[in-house]
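Structure, as structure tokens:
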Amino acid sequence: MTNKNFSPNYTSADLEKAALGRFRSLISFLPRECKLSRELWNRSTVVCMDFEDCSHLLETAREQSFLLLLVANYLGLANSVLFRMGNKAMGWMTMVSTTSA
Numbered sequence: 085m086t087n088k089n090f091s092p093n094y095t096s097a098d099l100e101k102a103a104l105g106r107f108r109s110l111i112s113f114l115p116r117e118c119k120l121s122r123e124l125w126n127r128s129t130v131v132c133m134d135f136e137d138c139s140h141l142l143e144t145a146r147e148q149s150f151l152l153l154l155v156a157n158y159l160g161l162a163n164s165v166l167f168r169m170g171n172k173a174m175g176w177m178t179m180v181s182t183t184s185a
């Protein structure tokens, strides 16, 4: 049975946009001016938050780093978050696994 509402035209860009939209909807304190993206760093995917257009809110968001990291991990987006001001990195947090191999 085929779902009438199913659209096979979804692209990875559409899914990326939806995932970052879900992240933003769960983080109510994140300002709309903050640009969200995901980037590859070595072999890891990182949620990047650019505060260039709302620099006065960077420290408030950094105080909530752990919550941001938990939500990114919960949604399967990343295990690290990066705080930016344009091209300049302003902070980084990574979830570290405590299980041993």
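Numbered continuously in our numbering, the sequence shown closes out at residue 185. The beta-carbon is built from N, C-alpha and C at its ideal position, and this holds for glycine as well.
Close Cβ partners of residue i (< 7 Å) along its chain, the five nearest in sequence each way excluded
{"i": "Leu-159", "result": "Ala-103, Arg-106, Phe-107"}
{"i": "Leu-110", "result": "Val-155"}
{"i": "Arg-146", "result": "Phe-167, Gly-175"}
Residue span of the beta strand (DSSP E) that contains residue i, given as start and end
{"i": "Val-165", "result": "164-169"}
{"i": "Met-177", "result": "172-178"}
Beta-carbon proximity list for residue i, same chain, < 8 Å, skipping 5 on both sides
{"i": "Met-169", "result": "Asp-134, Phe-135, Glu-136, Ser-139, Leu-142"}
Spatial neighbours of residue i in its chain, beta-carbon cut-off 6 Å, leaving aside the 5 residues before and after
{"i": "Thr-86", "result": "Note that Thr-86 scores 49 on pLDDT, short of 50, meaning its location in the model is unreliable and no value can be drawn from it."}
{"i": "Thr-144", "result": "none"}
{"i": "Leu-152", "result": "Val-165"}
Boundaries (first-last residue) of the alpha helix (DSSP H) holding residue i
{"i": "Leu-159", "result": "Segment: none, Leu-159 is in no alpha helix (DSSP H) and carries neither H nor E."}
8 Å contact criterion, which residue i and residue j should meet: CB distance rounded
{"i": "Ser-128", "j": "Asn-163", "result": "6 Å"}
{"i": "Arg-122", "j": "Glu-100", "result": "7 Å"}
Ranges of the beta strand (DSSP E) found wholly within the region 89-146, counting only runs of at least 3: Qualifying beta strand (DSSP E) stretches, in chain order: 119-125, 128-134.
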